[in-house]
Structures are given as structure tokens and as C-alpha cells.
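S.K.: So for the sequence shown, this note's numbering puts the first residue at 3; every next one is plus one.
A virtual CB, placed ideally from N, CA and C, is assigned to each residue, including glycine.
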Amino acid sequence: MAAELWRLAGVLSAALLLGLLLGRPLLLLWLATLGYLGLHLWSLARVRRWLADSRGIYPPGAWGVWDEILDLVYRIRRSSLGRKRRLGRLLERFREAAAAMPDGAVVLRADGEIEWFSDAAARLLGLRAPQDVGRRILNLVRHPAFVRYFEGGDWSEPVEIPSPVRDGARLALQLIVYGDDQRLLIVRDVTRLARLEAMRRDFVANVSHELRTPVTVLLGYLEALEEDAECARRWARPLSLMREQTTRMHRIVDDLLMLARLETEEAAQRPGPGEEVDVPALLARIVAEARALSGPRRHRISLDAEQGLGLRGSEGELASAFTNLVVNAVQYTPDGGEIRVRWWSDADGAHLAVSDTGIGIASEHIPRLTERFYRVDVARSRATGGTGLGLAIVKHVLARHEARLHIESAVGRGSTFRCDFPAARIVRLALRRDGREGGSG
Ligand code: ADP
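Okay, structure coming up:
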């Protein structure tokens, strides 16, 4: 800018000097100013033309300060163009990567409207480009399990549905929330995995089924042998050991069959069972059995149940789950310890809590307790006749009743296993007046 001022001063001084020499200083000053202005206007027109024409990458030459300005604008333009090209290339590479992925990806808005999808998603879900962009995903993928999943809001795990385009194929769909309440739907073909899983399930179910008869026969003969006085006297110890082990095998086979049945129902995604279950009465029976099991170990077992609070579900399955929790409390609590069974409802739903003053569980084991055959102390579990399958059964039964298991425990102080059932499962039972009391004991 300073150079421009010098230039102006130079031109005006030269005009003034010449004017003085010629005796017409004002005229020459006026002519010089006019010329100066003209040059600027001419440069301005060139700059305007160059800016308007986006193809004109190289700036034309211009006069004075305009040359500097053109050079500056040119440099800014060039660097922003470079950035644009780099971003374009990056976007293209991302698109190619998304297209090359075997898993499909669908970008959704919070209300489920489709913004973009990859080729794999189109193939797996039968989406069409560009017609389906802008449509709601629930109008295109209508399987009830997916609709429930989408509207349920718990997307920590994927949901599995049959493929809408290929018979026999299965897809796993998972929603991921990112950015400004955007959603990404990942679609994966899990047909092979589902087949392997079904094979494993069938194998376990078949083996358990086949083992059941021989084990029952063995138990029958053992009983007969024990009834024979001579035999029972001579072979007392081996007979008792054989009986113990065979009974254990019987229990494992029964538990495995129960698990296989629960898993088959789950895999078929049949809605959970829906008979009315009188939970207070069921708990009263379970607690009576637990007292009998405790026998000489003299645990103090109490039941505090909200009368008339029932559940919609399967009585058999719930009985099995609750029995497992109460029996565990007895098995893992030293003689004379206290066990409390509570059943109540609040705004969140219905809850069953089984608390004991037993040996407790270290926190690192808690997340793994519901795995099959997972035991904190294998020898101890065996000694108490445990199969290691009890809590796995509890988990599956609860899943079929839309309930969750919550475990709190402190080593040496005791544990609380709590099952939380949704309010929708609650049924209010007409209170009986036959004096039957499912409650405190
Ligand atoms: P198990 O037949 O061995 O009892 P479960 O699946 O019922 O199998 O339980 C798994 C493991 O969890 C048990 O082996 C035990 O280590 C632990 N466990 C379960 N319930 C309790 C409890 N009330 N107190 C302490 N440990 C428990």
C-alpha cells in the first residue's frame, strides 16, 4: 500500500512540475489524476472479469496494487481448490471402502429416514438406489423383531432377523448412534453362524436326550441294589458314590435339555410365554423345599412376598429359575446363615431378590457367572452337587420374560441376586380367601 502512495505522490509531483514549466499546473494535475483513475478502473475491470470466470486460473497482469491483490487471491484460490480436491478424493476412498465391506451400512436420521446406504446394504436388505433414499427404514424393513429393536432404544446388541430377500438366510442388524443424533445401521449376513449355532444346539439337545435313558436305567438298578440288604452292606461305599455321581449326571442332562429347549424357543423368536403365574404361591413352595434342603444346616430362610402380585409367563420356567437362585443361596451360605427372599413391585416393575449371608463372589467373576459351566470354585460346586448350569438357565428364562438379572456381592459377606421384570408382565391376582398364604414364613 505504501508503494501505491509513493506512486501517486510521484505522478502528481511530476504533473505539477510539468504544469509549472508549461504554465498550466492545474490542468496537468487534473489530467494526471484522471489518467491515474482510468488506469485503476481498467485494472478493476480486468480483476472483476478474472474473478467471474472460474476457469481463469492464472491471473492476468494488472496495474500497481491490483497486481498484488490478484496474486493474493490467486494463491488463496489455489490452496482452497487443492483442499477441495483432497477432500473429494478422501470421500471417494471412504465410499469405495464402504462399498468393499462385506457388511452393509445405512446412514439414518434420528427419525429413521435413510440418508445413504452402501451397495452391500442394498444387496442384503433389498434397498434400491436412489428411490429408497429419503424413505423411512421401518417402511422397508418391517420384521417385527427389528421394529421392536428400533423402537426399544437398547442397541447394545444386534438383533437377528430372517433375510427379506433370500430364503433361509439370516441377518444381524445393529444400530450405532454417532455425531449429531445420526444413526448408522450395520447389516451383517450371519447365515453360516446361525447354521453352526443351530448345529451346536441340536447336538447338545440330541446328546442329552440320548444320555437320559441310560442314566435313568442306571439309577433304577442302583436303587434296586441298595434295596438288597446283602449287597447294600458289602458295597455300601461304592454304591453311594455311584449313586451320587449318577444323580449328578442326571441333573446335568436335565439342565442341558432345559437350556436347549429355552435356546430353541429364543432362536425361533417366539414371544415369551403368557400364562398367569401366582408368584407368591410359587415362592412359598420353593422356600419350603429350601428349608427341607437346608435340614440340619439350619439356615434361617424368610419370605416376604407382595400378595396378589403375579406375572405373565411360564410357571415351569420361572419355578426352575427361582429354585436355582434359592438353592444356590442355601449351597453357598455356611450353616445357620440367613437367606431372604423378597418379591415386590414398584414403578419400574416387579422384582425378586434372593439375599444370603454366604461366602460371596469376587467382583471379577460376576460378569461371567451366567456362562455355562462357569464356577468360581469348581471343587466346591461339585461337592454341593452343582452342575454349573443353574445361572445360565436363570439368564435364559429371564430373557424370555424380558427381565434382567442383577448381581451384587461382597466376598465373605454375602450376595443378592435380583430379577427385574417389566411392569407390562405384572398381573394382579384375585386374592384367595382359603387361608393359603404365599407370604412370610
Ligand atoms: P452351580 O451349579 O455350580 O451352583 P450356577 O450356575 O448356579 O452353578 O452358579 C455358578 C457359580 O456362581 C457357582 O459355581 C458359584 O461359584 C457362584 N454362585 C452362585 N450363586 C452363589 C451364591 N449365592 N453365593 C456365592 N456364589 C454363588
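In the structure shown, what three-state DSSP assignment does Q333 receive?
M.R.: helix
S.K.: May I ask whether a heavy atom of ligand 1 can be found less than 7 Å away from the beta carbon of G339?
M.R.: no
S.K.: Leaving out five residues before and five after P166 in sequence, what residues of the same chain have Cβ atoms less than 6 Å from its Cβ?
M.R.: G128
S.K.: Report the three-state DSSP secondary structure of Q247 (helix, strand or coil).
M.R.: helix
S.K.: So the candidates are F148, V108 and L140; which of them puts its Cα closest to the Cα of A131?
M.R.: V108
S.K.: Between the C-alpha atoms of L39 and Y76, what's the straight-line distance to the nearest angstrom?
M.R.: 24 Å
S.K.: Leaving out five residues before and five after L28 in sequence, what residues of the same chain have Cβ atoms less than 6 Å from its Cβ?
M.R.: Result list for L28: empty, nothing under 6 Å.
S.K.: By alpha-carbon positions, which one of T418, E267 and L313 ends up nearest to S365?
M.R.: T418
S.K.: Sorry if obvious, but does the Cβ on S417 come closer than 7 Å to a heavy atom of ligand 2?
M.R.: Ligands displayed in this structure: ligand 1; ligand 2 is not among them.
S.K.: Would you please state the rounded distance, in angstroms, between the beta carbons of G360 and P336? I believe it to be under 8 Å.
M.R.: 7 Å
S.K.: Could you tell me which residues DSSP pairs with G106 in its beta bridges?
M.R.: V189
S.K.: Would DSSP call L175 helix, strand or coil?
M.R.: Per DSSP, reduced to three states, the secondary structure at L175 is strand.
S.K.: Which ranges would you report for the beta strand (DSSP E) in the segment 326–373 if only whole runs of at least 3 residues count?
M.R.: 340–348 and 351–358
S.K.: Taking only runs of the beta strand (DSSP E) that begin and end inside the segment 58–133, which ones reach a length of at least 3 residues, in chain order?
M.R.: Uninterrupted beta strand (DSSP E) stretches at least 3 residues long and entirely within the segment 58–133 occur at 106–110 and 116–119, given in chain order.
S.K.: Is the separation between the beta-carbon of S296 and that of V343 shorter than 8 Å?
M.R.: no
S.K.: Do R420 and H408 count as a contact pair if the criterion is CB distance below 8 Å?
M.R.: yes
S.K.: In the DSSP output, which residue or residues are listed as bridge partners for I254?
M.R.: The partner list for I254 (beta bridge, DSSP) is empty, contrary to what the question assumes.
S.K.: Measuring straight from C-alpha to C-alpha, what distance separates G192 and G392?
M.R.: Before going further, note that residue 192 is Val rather than Gly in the sequence given. The straight-line gap from Cα to Cα measures roughly 29 Å.
S.K.: Any chance the CB of Q247 is under 7 Å from a heavy atom of ligand 1?
M.R.: Ligand 1 has no heavy atom closer than 7 Å to the beta-carbon of Q247.
S.K.: The beta strand (DSSP E) that contains E404, what's its start and end?
M.R.: The continuous stretches of beta strand (DSSP E) do not include E404, and DSSP gives it neither H nor E.
S.K.: Quick check: the Cα distance between E265 and V206, rounded to an integer number of angstroms?
M.R.: 11 Å
S.K.: To the nearest angstrom, report how far apart P369 and R197 are at their CA atoms.
M.R.: 27 Å
S.K.: Work out the CA separation of A394 and L371 for me, nearest whole Å.
M.R.: CA-to-CA, the gap between L371 and A394 works out to about 8 Å.
S.K.: Between the segment 146–159 and the segment 88–107, do three or more beta carbon pairs fall short of 8 Å?
M.R.: no
S.K.: What is the DSSP secondary structure of A448, reduced to helix, strand or coil?
M.R.: There is simply no residue 448 to check, as the chain begins at 3 and stops at 443 in what is shown.
S.K.: Say the cut is 7 Å; is the CB of I254 nearer than that to a heavy atom of ligand 1?
M.R.: no
S.K.: Using DSSP with H/G/I as helix, E/B as strand and the rest coil, what is R377?
M.R.: coil
S.K.: For L354, collect the residues of the same chain with a Cβ closer than 6 Å to its Cβ; drop the 5 residues on either side in sequence, then sort them by chain order.
M.R.: Around L354, the same chain offers W345 and C421 as residues with beta carbons nearer than 6 Å, after the five sequence neighbours per side are excluded.
S.K.: Under a three-way DSSP split, which group does V219 fall into?
M.R.: helix
S.K.: Taking V255 as the reference, give the member of G390, R415 and A174 with the closest Cα.
M.R.: G390
S.K.: With a threshold of 16 other CB atoms inside 10 Å of the CB of P104, please say whether the residue is buried or exposed.
M.R.: exposed
S.K.: In chain order, what residues of the same chain have a beta carbon less than 7 Å from the beta carbon of T2, not counting five sequence neighbours either side?
M.R.: As shown, the chain starts at 3 and ends at 443. That puts residue 2 outside it, with no answer to give.
S.K.: I'd like to know whether the C-beta atoms of F423 and L313 end up nearer to each other than 8 Å.
M.R.: yes
S.K.: Under 8 Å, do L14 and L31 count as touching if we go by C-beta distance?
M.R.: yes
S.K.: For W8, count neighbouring Cβ atoms within 10 angstroms of its own Cβ and tell me buried if that reaches 16, exposed if not.
M.R.: exposed
S.K.: Mind checking T325: buried by the 16 CB within 10 Å criterion, or exposed?
M.R.: buried
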